[in-house]
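Residue numbers (full-length UniProt numbering), protein chains in the order written: chain U, 1 to 210; chain A, 1 to 210.
Written out below as structure tokens is the structure these notes cover.
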């Protein structure tokens, strides 16, 4: 249930005009994503985008306030995709323990894929973090909901302890995910990330033991 | 013992010339630190520094290869100061549990002090992380040694469990400190940092319970 609410929020961004005309808006986002994929976000202007897509800048401004609004839409879409994969783990089969481990591995896998295969999307997330775009906050909220879902399941099944306040537990677990979800931290040490994430997941699971 | 070795390593940096003449070198570092404090690292050149200190650029190049070498020396000095405070906690009184909690609080306190009172030093640490300066690696090694010292003390005193391999435990604890020690992460969320650090410290302590 939480997953659905959150996905709806992720598909919206700041500075986007008009309630309808979704299709044309989506066409621009997809074309902009391709262009930015090749050229990079920082080195792209709205005029460049318009030229690459084959429309006027005025046409783009009918749908987006600024280059940043387009970047936010792309970033939201990317993070939405990651959140979807994480939700399918959280709501999937397996004990709470197994699902929590899988979340750490999936964070590393997504981060690595973005860094190696989609470097320009990684650049957008760096800008997004720097400028505190709303999609980042939404993504962090989603991660928090995912953690909460799994911890609640684990408490209900008797897998996890129930003494510590749930907000404290979930907030602290979210912090332990920073080295594997923050784009700046991910880029400096991709080498032994799987091992690190595994060790942190196991530490967290020991802390959750009843 | 480890503390002493490490401190010696911290006082050395890359690209520094001449084995002796420490005093003149230190004078340059102190003067450079004052200048950079006022103007910022990125906006300072070696020529600016020479002018501000009242010496020739040739004189500075007798001691330092480059602006970066001066920056590295300042960064090493700053991180050395923080490491000193952390060591005095690690080797100080109190149970291992108390000392581990204090390390998390001290990280937040040092990070906040640097961000608010010594913004230009914070800027240097950002550049240092970006460019992977050796002082950052040395500081992380020191943090790792500090964690290890406390965990070993706690194991010996029967406060902490002894089943999990010590390297795995210490490595994972180090990861949980990233949100409170990494300059990029510190700058985005200074608001509820004490609460967060406390919650993570308690999570780690629950994971260490015998």
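A virtual CB, placed ideally from N, CA and C, is assigned to each residue, including glycine.
With a 10 Å radius around its C-beta and 16 neighbouring C-beta atoms as the bar for buried, classify residue i as buried or exposed.
i: residue 59(A); result: exposed
i: residue 195(A); result: exposed
i: residue 80(A); result: buried
i: residue 92(A); result: exposed
i: residue 56(U); result: exposed
i: residue 63(A); result: buried
i: residue 35(A); result: buried
i: residue 165(U); result: exposed
i: residue 210(U); result: exposed
i: residue 154(U); result: buried
i: residue 23(A); result: exposed
i: residue 97(A); result: buried
i: residue 180(U); result: buried
i: residue 158(U); result: exposed
i: residue 160(U); result: buried
i: residue 162(U); result: exposed
i: residue 212(A); result: Since the first residue of chain A shown is 1 and the last is 210, residue 212(A) is not available in this structure.
i: residue 207(A); result: buried
i: residue 99(U); result: buried
i: residue 110(U); result: buried
i: residue 131(A); result: exposed
i: residue 40(U); result: exposed
Does DSSP put residue i in a helix, a strand or coil?
i: residue 160(A); result: coil
i: residue 42(A); result: coil
i: residue 135(U); result: helix
i: residue 105(A); result: helix
i: residue 33(A); result: helix
i: residue 54(U); result: coil
i: residue 94(U); result: coil
i: residue 21(A); result: coil
i: residue 153(U); result: helix
i: residue 13(A); result: In this predicted model, residue 13(A) has a pLDDT of only 49, less than 50, meaning its place in the structure is not dependable enough to derive any value.
Along the chain, where does the alpha helix (DSSP H) containing residue i start, and where does it finish?
i: residue 127(U); result: 119-130
i: residue 87(A); result: 67-90
i: residue 202(U); result: 193-208
i: residue 181(A); result: 178-181
i: residue 57(A); result: 57-63
Show which residues of chain U have a CB atom less than 9 Å away from the CB atom of residue i.
i: residue 159(A); result: Under the 9 Å cutoff, chain U gives no residues; its nearest Cβ is about 15 Å from residue 159(A).
i: residue 138(A); result: Per Cβ cutoff of 9 Å: no residues; residue 138(A) is ~15 Å from chain U at best.
Using the beta-carbon of each residue, which ones in chain U are nearer than 8 Å to residue i?
i: residue 176(A); result: 175, 176, 200 and 203
i: residue 80(A); result: Within chain U, no residue comes near residue 80(A); the closest Cβ sits about 21 Å away, beyond 8 Å.
i: residue 172(A); result: 196, 199, 200, 202 and 203
Applying a beta-carbon distance threshold of less than 9 Å, which residues of chain A neighbour residue i?
i: residue 207(U); result: 202, 203, 204, 205, 206, 207, 208 and 209
Can you pull the chain A residues whose beta carbon is under 7 Å from the beta carbon of residue i, in chain order?
i: residue 184(U); result: 184
Which residues of chain U have a Cβ atom closer than 7 Å to the Cβ of residue i, listed in chain order?
i: residue 156(A); result: Within 7 Å Cβ-Cβ: nothing; residue 156(A) doesn't reach chain U, min ~19 Å.
i: residue 179(A); result: 175 and 178
i: residue 109(A); result: Neighbours of residue 109(A) on chain U: none; closest Cβ ~17 Å, over 7 Å.
i: residue 97(A); result: Near residue 97(A) there are no residues of chain U at all, since even the closest Cβ is about 14 Å away, more than 7 Å.
For the ligand HEM, I want to know if residue i counts as a neighbour, meaning its beta carbon is within less than 7 Å of at least one of the ligand's heavy atoms.
i: residue 185(U); result: Within the structure as shown, the ligand HEM is missing, as the structure has no ligands at all.
For residue i, return the contacting residues in chain A, with the cut-off set at a CB-CB distance below 8 Å.
i: residue 72(U); result: Residues of chain A passing the Cβ test: none, with the nearest at roughly 17 Å.
i: residue 211(U); result: With chain U covering only 1 through 210, there is no way to say anything about residue 211(U).
i: residue 123(U); result: By Cβ distance, chain A contributes nothing, its closest Cβ being about 14 Å from residue 123(U), past 8 Å.
**Prompt:** For the region 63-75 of chain U against the region 36-55 of chain U, are there 3 or more C-beta pairs whose distance is under 8 Å?
**Reply:** The region 63-75 of chain U vs the region 36-55 of chain U: in contact.
**Request:** Would you check if the region 161-178 of chain A and the region 159-179 of chain U touch, i.e. whether three or more CB-CB distances between them fall below 8 Å?
**Result:** Yes, since at least three Cβ pairs between the region 159-179 of chain U and the region 161-178 of chain A fall closer than 8 Å, the two stretches touch.
**Prompt:** So does the region 83-97 of chain A actually touch the region 126-135 of chain A, counting three or more Cβ pairs closer than 8 Å?
**Reply:** Of all C-beta pairs linking the region 83-97 of chain A to the region 126-135 of chain A, fewer than three are shorter than 8 Å, placing the two stretches out of contact.
**Request:** Could you say if the region 145-162 of chain A and the region 139-153 of chain U meet the contact criterion of at least three C-beta pairs nearer than 8 Å?
**Result:** Under the three-pair Cβ rule at 8 Å, the region 145-162 of chain A does not count as touching the region 139-153 of chain U.
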